[in-house]
Amino acid sequence: MIKTSELDPDFKYEIANEPGGENIKKCFNCTGCTVGCPVTEIDGAYNPRKILRKALLGMRNEVLTDDSLWLCASCYICYERCPQNVKITEVMGAIRAIAQREAKAGKIKLNNPKPVFDNLFIDSVKSNGKWYEAGVSGTFMLKTKGLGGLIGYAPMGMELFKKGKLGIMPHKIKGTKEIKRIFEEVEKK
Amino acid sequence: MKLAYYPGCTLHGTAREYDASTKAVCKAANVELVEIEDWNCCGALEAIFDKELSMGLSARNNMKAQKTGLDLVIPCSICSHNLSRADSAMKNDNVFREKIERALGEKYEGVKIKHLLDVMVNDVGVDALAKKFIKQLKGIKAVPYYGCLLVRPSEVSKFDNPENPQSLDNLIKATGAECLPFTQKTRCCGGNLLMSKQDYAFILTKKLFDEAKSAGANCIVVACPMCHMLLDGQQAMVGKAHNAVIDMPVLYFTQLIGLAMGLSEKELELDKNMVTTTKLIDSIGKEEKKTEAKIETKAEAAE
Numbered sequence: 000m001i002k003t004s005e006l007d008p009d010f011k012y013e014i015a016n017e018p019g020g021e022n023i024k025k026c027f028n029c030t031g032c033t034v035g036c037p038v039t040e041i042d043g044a045y046n047p048r049k050i051l052r053k054a055l056l057g058m059r060n061e062v063l064t065d066d067s068l069w070l071c072a073s074c075y076i077c078y079e080r081c082p083q084n085v086k087i088t089e090v091m092g093a094i095r096a097i098a099q100r101e102a103k104a105g106k107i108k109l110n111n112p113k114p115v116f117d118n119l120f121i122d123s124v125k126s127n128g129k130w131y132e133a134g135v136s137g138t139f140m141l142k143t144k145g146l147g148g149l150i151g152y153a154p155m156g157m158e159l160f161k162k163g164k165l166g167i168m169p170h171k172i173k174g175t176k177e178i179k180r181i182f183e184e185v186e187k188k
Numbered sequence: 000m001k002l003a004y005y006p007g008c009t010l011h012g013t014a015r016e017y018d019a020s021t022k023a024v025c026k027a028a029n030v031e032l033v034e035i036e037d038w039n040c041c042g043a044l045e046a047i048f049d050k051e052l053s054m055g056l057s058a059r060n061n062m063k064a065q066k067t068g069l070d071l072v073i074p075c076s077i078c079s080h081n082l083s084r085a086d087s088a089m090k091n092d093n094v095f096r097e098k099i100e101r102a103l104g105e106k107y108e109g110v111k112i113k114h115l116l117d118v119m120v121n122d123v124g125v126d127a128l129a130k131k132f133i134k135q136l137k138g139i140k141a142v143p144y145y146g147c148l149l150v151r152p153s154e155v156s157k158f159d160n161p162e163n164p165q166s167l168d169n170l171i172k173a174t175g176a177e178c179l180p181f182t183q184k185t186r187c188c189g190g191n192l193l194m195s196k197q198d199y200a201f202i203l204t205k206k207l208f209d210e211a212k213s214a215g216a217n218c219i220v221v222a223c224p225m226c227h228m229l230l231d232g233q234q235a236m237v238g239k240a241h242n243a244v245i246d247m248p249v250l251y252f253t254q255l256i257g258l259a260m261g262l263s264e265k266e267l268e269l270d271k272n273m274v275t276t277t278k279l280i281d282s283i284g285k286e287e288k289k290t291e292a293k294i295e296t297k298a299e300a301a302e
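Chains as they are written, first to last, in numbering that gives the first Met the number 0: chain A, 0 to 188; chain B, 0 to 302.
Dropping the structure here:
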């Protein structure tokens with residue numbers, strides 16, 4: 000049951016104000032996004048139509064803490080086919096951005112490993128200008144799966160290393176100051 | 000033809016054979032590549048949902064490319080997507096452009112960005128390339144795999160049909176290899192879920208193998224390092240997870256056309272693919288010989 004007293008009617012505007020979320024209000028819930036989604040095909044719990052509908056109704060907490068939010072594979076099929084040009088892939092991004100901010104502020108808890116990986120990746124780009132594959136993957140495995148996970152990842156890492164495909168050390172670009180300034184500018188609201 | 004070149008992080012790492020084969024093939028096709036200076040990561044799929052950050056990181060590379068005065072070519076579908084959408088945001092969104100110009104202390108005019116497949120098929124041209132093909136790749140039965148960001152969204156990637164693209168098909172046919180119909184040509188490989196939801200990523204990848212096999216393919220041809228990471232790099236793991244022997248070589252399209260150009264396996268770094276390509280390479284020309292042998296025996300029998 001949906002309790003209207005618990006709805007946040009401003010949620011859709013909050014999403015629309017986030018880069019990528021601008022077109023959410025155009026959605027008329029035709030389900031085109033969901034019928035073609037390769038992830039929905041293997042797991043019905045991921046249902047982009049439901050996420051959009053709930054967001055438009057103002058079910059803020061339910062949407063932001065929905066674990067399936069992190070299952071979108073960014074394949075852009077829904078984005079391509081949407082008759083209303085909602086830009087669903089980017090709307091998902093806008094909702095994820097809000098969820099990440101709420102989690103950082105300690106208001107909600109995210110349990111999916113996806114934001115953990117994304118943040119490690121982005122941090123490594125922030126400090127090096129390029130992503131540090133061995134470091135990020137290793138840290139992620141250790142953080143989310145413990146020592147066993149790290150050890151499980153090692154044979155793949157070794158294979159890649161033997162082929163000359165994996166560097167041990169991070170590669171730093173010269174313009175890291177410019178990268179920092181880009182981060183500062185886009186973080187300003 | 001002279002172009003600015005943005006390899007992107009993977010081409011200097013897990014996709015080094017794509018970098019090597021791109022350079023070798025471009026050289027053979029008289030396309031000169033000038034790598035842009037001190038380029039940075041585009042944010043890949045990890046920042047793709049942080050739209051302004053992803054476009055901001057990408058825009059720095061566009062600024063660098065702009066300085067060369069050349070059009071920019073990118074072999075990676077993710078980088079190509081990110082840099083292209085950054086270019087259009089820099090042109091159309093004044094607030095965003097001002098932020099990035101402030102961060103970098105430079106003005107942005109714009110740069111023409113193309114995926115390497117687009118350059119090869121539409122600028123160099125299939126016919127011109129075909130003239131450089133000295134070896135018919137008979138025996139290779141390929142399915143073309145475009146994946147997601149190479150052709151979608153079509154407002155960013157404008158060079159082919161987003162539902163049923165043909166450019167890679169045409170290129171494969173020009174090499175003399177057989178190009179088989181592939182129902183999964185634009186279905187997702189699950190790349191973005193590899194780290195966070197590996198079992199789902201592997202289900203998506205396994206489907207591609209199943210369909211490729213039922214089409215009768217002996218190799219998959221790709222134009223994206225992320226697709227290659229899943230199909231080639233993770234193939235053993237996908238097989239293990241699904242209790243199956245997959246044994247399907249996965250070539251970058253540059254490796255395929257490089258073979259047709261008569262370039263060496265070493266130049267194309269075919270030994271860097273995780274799934275061995277030896278059997279596939281050995282099969283080139285074999286089928287033809289077999290048919291010839293059959294005809295001979297028939298002729299002998301008639302005598």
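C-beta atoms are modelled at their ideal positions from N, C-alpha and C, and glycine is treated no differently.
Contact with chain A by residue i, beta-carbon distance below 8 Å
i             : result
residue 242/B : no
residue 45/B  : yes
residue 246/B : no
residue 257/B : no
residue 42/B  : yes
residue 222/B : no
residue 267/B : no
residue 239/B : no
residue 219/B : no
residue 147/B : yes
residue 273/B : yes
residue 103/B : yes
With 16 other Cβ atoms within 10 Å as the buried cut-off, status of residue i
i             : result
residue 177/A : buried
residue 278/B : exposed
residue 47/B  : buried
residue 59/A  : buried
residue 138/B : buried
residue 7/B   : buried
residue 9/B   : buried
residue 19/A  : buried
residue 84/B  : buried
residue 93/A  : buried
residue 221/B : buried
residue 10/A  : buried
residue 95/A  : buried
residue 110/A : exposed
residue 48/A  : buried
residue 185/B : buried
residue 216/B : buried
Own chain partners of residue i with C-beta closer than 7 Å, once the 5 adjacent residues on each side are dropped
i             : result
residue 305/B : No information on residue 305/B is available, as it lies outside the stretch 0 to 302 that chain B covers here.
residue 116/A : 139
residue 173/B : 125, 128, 129 and 132
residue 52/B  : 42 and 46
residue 129/A : 170 and 172
residue 285/B : 138
residue 203/B : 187, 188 and 189
residue 17/A  : 93, 96 and 97
Close Cβ partners of residue i (< 8 Å) along its chain, the five nearest in sequence each way excluded
i             : result
residue 134/A : 123 and 169
residue 127/B : 28
beta-carbon residue i near the ligand GTP non-hydrogen atom, thresh 7 Å
i             : result
residue 252/B : Because no ligand of any kind appears in the structure shown, any question about the ligand GTP cannot be addressed here.
Residue-level contact to chain B via CB, residue i, 8 Å cutoff
i             : result
residue 100/A : no
residue 159/A : yes
residue 11/A  : no
residue 96/A  : yes
residue 15/A  : no
residue 74/A  : yes
residue 63/A  : no
residue 19/A  : yes
Own chain residues within Cβ distance below 6 Å of residue i, not counting five before or after
i             : result
residue 240/B : 201
residue 89/B  : 58, 96 and 107
residue 159/A : 165
residue 314/B : Residue 314/B lies beyond the range of chain B shown here (0 to 302); nothing can be said about it.
Output, in sequence order along the chain, the residues in the stretch 32 to 55 of chain A whose CB is closer than 8 Å to any CB in chain B.
37, 38, 41 and 42
Listed in chain order, which residues of the stretch 153 to 173 of chain B have Cβ atoms closer than 7 Å to some Cβ of chain A?
153 and 161
Interfacial residues, the stretch 172 to 183 of chain A to chain B, with Cβ spacing under 8 Å
172, 173, 174, 177, 178, 180, 181, 182 and 183
What are the residues in the stretch 187 to 203 of chain B lying within 7 Å of chain A by C-beta distance?
187, 189, 191, 192, 194, 195, 196, 199, 202 and 203
Taking a cut of 7 Å between CB atoms, which residues from the stretch 44 to 71 of chain B lie near chain A?
44, 45, 46, 47, 48, 49, 50, 51, 52, 55, 56 and 59
The stretch 9 to 39 of chain B: positions lying closer than 9 Å to chain A by Cβ
9, 11, 12, 13, 14, 15, 16, 36, 37, 38 and 39
Alpha helix (DSSP H) segments (min. 4 residues) lying fully within the stretch 32 to 79 of chain B
50 to 67
Runs of alpha helix (DSSP H) lying entirely within the stretch 203 to 282 of chain B, each at least 4 residues, in chain order
As far as the stretch 203 to 282 of chain B is concerned, its whole alpha helix (DSSP H) runs of at least 4 residues are 224 to 227, 234 to 240, 252 to 259 and 277 to 282.
Ranges of the alpha helix (DSSP H) found wholly within the stretch 81 to 123 of chain A, counting only runs of at least 4:
Complete alpha helix (DSSP H) runs here, min 4: 87 to 103.
Identify every run of the beta strand (DSSP E) within the stretch 94 to 130 of chain B, keeping only runs that are complete inside it and at least 3 residues long; order them along the chain.
112 to 114
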